[in-house]
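Enquirer:
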Amino acid sequence: MSSLFSKLTTTEMAEDKDVSTFKLDMPDRRTRRASKLKSTLENSNFAKFFLLLATMLGTSMVIGDGVLTPCISVLSAVGGVKAAAPSVMTEDRIVWLSVAILILLFVFQRFGTEKVGYTFAPILCMWFVLITGIGIYNFVTIDITIFRALNPMYIVAYFQRNGKDAWVSLGGVVMCITGAEALFADVGHFTVRSVQISMCCVTYPALILAYLGQGAFLTKHSDEVADTFYKSLPKSIYWPMFGVAVLAAIIASQALISGTFAIIQQSLALGCFPRVKIMHTSKKHHGQIYIPEINTLLMLACVLVTLAFRTTEKLSNAYGIAVVFVMVLTSCFLVLVMIMIWKTHILLIIAYVLVIGSVELVYLSAVLYKFDQGGYLPLAFAMFLLFIMYVWNYVYRKKYHFELKNKISPEKVKETVDETNSYHRLPGLAIFYSELVHGIPPIFKHYVENVPALHSVLVFASVKSLPISKVPLEERFLFRRVKPYDLYVFRCVVRYGCLTKNLSPWSKLKKKFGLLIIRRQKIKYF
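Going by the UniProt record's numbering, the first residue of the sequence shown is number 1, and it counts up by one from there.
(1) Under a Cβ-count criterion, where at least 16 other Cβ atoms within 10 Å of its own Cβ denotes burial, should Asp486 be classed as buried or exposed?
(2) Rounded to the nearest angstrom, what separates Gly439 and Lys464 at their Cα positions?
(3) If you reduce the DSSP assignment to three classes, tell me which class His280 lands in.
(4) To the nearest angstrom, how far is it from the Cα of Glu353 to the Cα of Val335?
(5) Could you pull the DSSP bridge partners for Ala430 from this structure?
(6) For Ser232 and Asn138, what's the separation of their Cα atoms in angstroms?
(7) Kindly give me the distance between the Cβ atoms of Gln254 and Phe120, rounded to whole angstroms, as I take these residues to be in contact under 8 Å.
(8) Starting from the C-beta of Lys414, find all residues in its chain whose C-beta is less than 7 Å away, skip the five residues before and the five after it, and write them out in chain order.
(9) Could you give the distance in angstroms between the alpha-carbon of Leu478 and the alpha-carbon of Phe128?
(10) Since Leu466 contacts Arg495 with CB under 8 Å, what's their CB separation in whole angstroms?
(11) What is the rounded straight-line gap between the Cα of Gly171 and the Cα of Phe402?
(12) Does Phe120 come out as helix, strand or coil in the three-state DSSP assignment?
(13) Run through DSSP, which three-state label would Arg275 get?
(14) Would you kindly work out how many angstroms separate the C-alpha atoms of Phe49 and Val225, rounded to a whole number?
(15) Could you have a look at Arg519 and say whether DSSP puts it in helix, strand or coil?
(16) Compute the distance between the beta-carbons of Leu298 and Phe444, then report whether it is under 8 Å.
(17) Should Gln196 go down as buried or exposed, given a rule of 16 or more other Cβ atoms within 10 Å for buried?
(18) In this structure, what does DSSP give as the bridge partners for Ile408?
(19) Bridge partners of Val494, per DSSP?
(20) Kindly indicate the opening and closing residues of the alpha helix (DSSP H) around Asn162.
(21) Between Leu436 and Ser462, which are expected to be in contact by the criterion C-beta below 8 Å, what is the C-beta distance as a whole number of angstroms?
(22) From this set, Met175, Ile278, Ala269, Leu150, which residue's C-alpha is nearest Tyr363's C-alpha?
(23) Compare the beta carbon distance of Asn317 and Lys370 with 8 Å and say whether it is the shorter of the two.
(24) What is the C-beta distance between Ile339 and Arg33, in whole angstroms, given that I count them as a contact (C-beta under 8 Å)?
(25) Have a look at Leu124, Glu42, Met61, Ala308 and flag the residue whose alpha-carbon is nearest the alpha-carbon of Ala322.
(26) Distance, Cα to Cα, Leu368 vs Gly215?
(27) What does residue 527 pair with, by DSSP beta-bridge criteria?
(28) Between the segment 60 to 75 and the segment 297 to 316, do at least 3 Cβ pairs fall closer than 8 Å?
(29) Note down, in chain order, each residue of its chain lying with its Cβ closer than 7 Å to the Cβ of Ala366, except the 5 sequence neighbours on either side.
(30) Which word fits Ile264, buried or exposed, when buried means at least 16 other C-beta atoms lie within 10 angstroms of its C-beta?
(31) Do Ser267 and Thr59 have their C-beta atoms within less than 8 Å of each other?
(32) Short of 8 Å in beta carbon distance, which residues of its chain neighbour Thr416, apart from the five on each side in sequence? Order them along the chain.
(33) If you drop the 5 nearest sequence neighbours on each side, which residues of the same chain put their C-beta closer than 6 Å to that of Cys125?
(34) Report the three-state DSSP secondary structure of Ile134 (helix, strand or coil).
(35) Alpha carbon to alpha carbon, how far is Gly135 from Ile237? Give it in angstroms, no decimals.
(36) Output needed for Pro274: all residues of its chain with C-beta closer than 6 Å, excluding positions within five of it in sequence on either side, in chain order.
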């Protein structure tokens, strides 16, 4: 899909078509369907711009999710103090304590995802063990028959009995499945198999047992529904569990923060986000990055949202809309992936749309019911980010086409270099960055007019992202020598994929030209 966006921002190079992870398929019906849909999307300007806007909207909603998740997770966990000491911990103190924890969380991001993960992993294991044990304790001591709640027929009976109220309550039920919309962030940091094992063998069973235990507790204490988790704890482990719950809330926030960094990096590669500094924090694992500017902005946004909403009830309405919107948009794009990439059977695609799509639309309609009760926040935030991203992408494309239209010909380069010979050539290498992959950018003429001296070797470099996972090292750098050859002017295109380990394209570019510089030192400088 990113190849469609690259047609809006940069021109394709003939060499790029040779770098691909696809293999030749037999022209069966699924392949023809995928090829036809791909051609239709690529030949339709409306389809390309619609997908671009939809992707920007989804990106904006994920960033909004990255703001709301730390707020509601930390605020709900810290709120457990009020259940134990209501006279000491007022609402104001809970809010300010949450703000302090949020600030520490974002300060800790600078150490990188790998170190943060090693620090939080034992805590997360302890959290799942404790909630599993508490759940088993509650339904064993209170009501073992609570396992009947796993029967899906009770869902039908619940809607028959409550009608509209049951539909509205789905806005709260969606809080039980939050986090699933951010699994893509974990896939970017770990293998698919590790995520599948952890979800199916650890996370899902632990949550099911924890919710069954809370359900058993509510059968005897229906008036404690507001603070079910903390009220269902044995008093002897209340405070240790409170500490683990706060740390688990911080870990939940960490996943969305890392996901925000990852999706901004992808948007930046496609020219859909303002330039920010990206720091790779791990040499072993792909996708583990840290963006200082975004981290600071997220911290400020989380603090402001926490101070403004103050309670989890108001935040949950906004959080639910952000979560379900991301799920719906992800499912829509997944259908395109199933058709164009996986070449899934059409019946399975239809079944996926009918089952998963209908469930997500029902949840979306339920959370939109409380739009005026705080649900407007993620949509307003997404519209603001969408405006910034679209304007940036529009100006990015306009700038590129201007440079393409006004690029300097090789004859003009020779004339410009000859004019500088009346002054002097400096020994060494000069690298000029440009978005152009062909030709010399017009900024070169402006540079020469203001700085009447040139280095002995001139390199016009461009960094380009390709819509594949990784570009082989031998194909990562393309070099062309601009005629006439005695000018020592080169064009270089640095190409990288979505999961490349290349931490610094410029450092490798300098190494590539190291031999050239050594050879050039034997030539008389002007």
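All C-beta atoms, glycine included, are put in the ideal place defined by N, C-alpha and C.
Expert: Taking the coordinates as given:
(1) By 1-based counting over the sequence shown, the position of residue 486 is 486. Label assigned to Asp486: exposed.
(2) Locating residue 439 in the sequence shown gives position 439, where the first residue counts as 1. Locating residue 464 in the sequence shown gives position 464, where the first residue counts as 1. Their Cα atoms are separated by approximately 15 Å.
(3) Position 280 of the sequence shown, counted from the first residue, corresponds to residue 280. DSSP places His280 in strand when its eight states are reduced to three.
(4) Along the sequence shown, read from residue 1 onward, the residue named residue 353 stands at position 353. Along the sequence shown, read from residue 1 onward, the residue named residue 335 stands at position 335. Reading off the sequence shown, one finds Val at residue 353, where the question assumed Glu. Approximately 8 Å between the Cα atoms of the pair.
(5) Within the sequence shown, residue 430 is the residue found at index 430, counting from 1. Answer is Leu458, bridged to Ala430.
(6) For the purposes of this step, residue 232 is taken as the residue at position 232 of the sequence shown. For the purposes of this step, residue 138 is taken as the residue at position 138 of the sequence shown. Each residue's Cα considered, the two are about 7 Å apart.
(7) The residue labelled residue 254 in the question sits at position 254 within the sequence shown. The residue labelled residue 120 in the question sits at position 120 within the sequence shown. About 7 Å; that satisfies the 8 Å criterion.
(8) Numbered from its first residue, the sequence shown carries residue 414 at position 414. Only Pro484, Leu487 meet the Cβ criterion.
(9) Here residue 478 refers to the residue found at position 478 when the sequence shown is read from its first residue. Here residue 128 refers to the residue found at position 128 when the sequence shown is read from its first residue. Computed Cα separation, rounded: 50 Å.
(10) Within the sequence shown, residue 466 is the residue found at index 466, counting from 1. Within the sequence shown, residue 495 is the residue found at index 495, counting from 1. So it is a contact: roughly 6 Å between Cβ atoms.
(11) Counting from one through the sequence shown, the residue named residue 171 turns up at place 171. Counting from one through the sequence shown, the residue named residue 402 turns up at place 402. Cα-Cα distance, rounded: 49 Å.
(12) Within the sequence shown, numbered from 1, the residue matching residue 120 stands at position 120. Phe120: helix per DSSP, three-state reduction.
(13) Numbered from its first residue, the sequence shown carries residue 275 at position 275. Residue state, collapsed to three classes: coil.
(14) As a working note, residue 49 is residue 49 in the sequence shown. As a working note, residue 225 is residue 225 in the sequence shown. Each residue's alpha carbon lies about 47 Å from the other.
(15) The residue labelled residue 519 in the question sits at position 519 within the sequence shown. Note on Arg519: pLDDT 38, under 50, position unreliable in the model; no value is reported.
(16) Taking the first residue of the sequence shown as position 1, residue 298 is located at position 298. Taking the first residue of the sequence shown as position 1, residue 444 is located at position 444. Result no, Cβ atoms of Leu298 and Phe444 do not sit closer than 8 Å.
(17) In the sequence shown, the residue the question calls residue 196 occupies position 196. Flag for Gln196 reads exposed.
(18) Within the sequence shown, numbered from 1, the residue matching residue 408 stands at position 408. In the DSSP output, where bridge partners are listed per residue, Ile408 has Ile440.
(19) Walking along the sequence shown from the start, residue 494 turns up at place 494. Answer is Val463, Phe477.
(20) Numbered from 1 along the sequence shown, position 162 holds the residue referred to as residue 162. First-last of the alpha helix (DSSP H) with Asn162: 153 to 162.
(21) One-based indexing of the sequence shown puts residue 436 at position 436. One-based indexing of the sequence shown puts residue 462 at position 462. At roughly 6 Å, the Cβ-Cβ gap stays under 8 Å, so Leu436 and Ser462 are in contact.
(22) One-based indexing of the sequence shown puts residue 363 at position 363. Nearest C-alpha to Tyr363: Met175.
(23) As a working mapping, residue 317 is identified with position 317 in the sequence shown. As a working mapping, residue 370 is identified with position 370 in the sequence shown. Yes, the pair counts as a contact, with Cβ atoms nearer than the cut-off.
(24) To locate residue 339, count along the sequence shown from 1; it is residue 339. To locate residue 33, count along the sequence shown from 1; it is residue 33. Confirmed, Cβ separation roughly 7 Å.
(25) Counting from 1 along the sequence shown, the entry for residue 322 is found at position 322. Taking only the C-alpha atoms, the option nearest Ala322 is Met61.
(26) Residue numbering aside, residue 368 sits at position 368 when the sequence shown is read from its first letter. Residue numbering aside, residue 215 sits at position 215 when the sequence shown is read from its first letter. In a straight line, the C-alpha of Leu368 is about 27 Å away from that of Gly215.
(27) Because the chain here runs from 1 to 526, residue 527 falls outside it and cannot be looked at.
(28) yes
(29) For the purposes of this step, residue 366 is taken as residue 366 along the sequence shown, with counting starting at 1. For Ala366, where only same-chain residues beyond five positions count, the Cβ hits under 7 Å are Trp167, Val168, Leu170, Gly171.
(30) Numbered from its first residue, the sequence shown carries residue 264 at position 264. That one is buried.
(31) One-based indexing of the sequence shown puts residue 267 at position 267. One-based indexing of the sequence shown puts residue 59 at position 59. Yes. Within cutoff.
(32) In the sequence shown, the residue the question calls residue 416 occupies position 416. Here the set comprises Ile408, Phe444, Lys445, Val448.
(33) Within the sequence shown, residue 125 is the residue found at index 125, counting from 1. So no residue of the chain qualifies.
(34) As a first step, residue 134 must be located in the sequence shown, where it is residue number 134. In the structure shown, Ile134 sits in a helix (DSSP, three-state: H, G or I).
(35) Residue 237 sits at position 237 when you count from the first residue of the sequence shown. Residue 135 sits at position 135 when you count from the first residue of the sequence shown. Distance between the alpha carbons of Ile237 and Gly135: 14 Å.
(36) The residue given as residue 274 occupies position 274 in the sequence shown. So the qualifying residues of the chain are Trp392.
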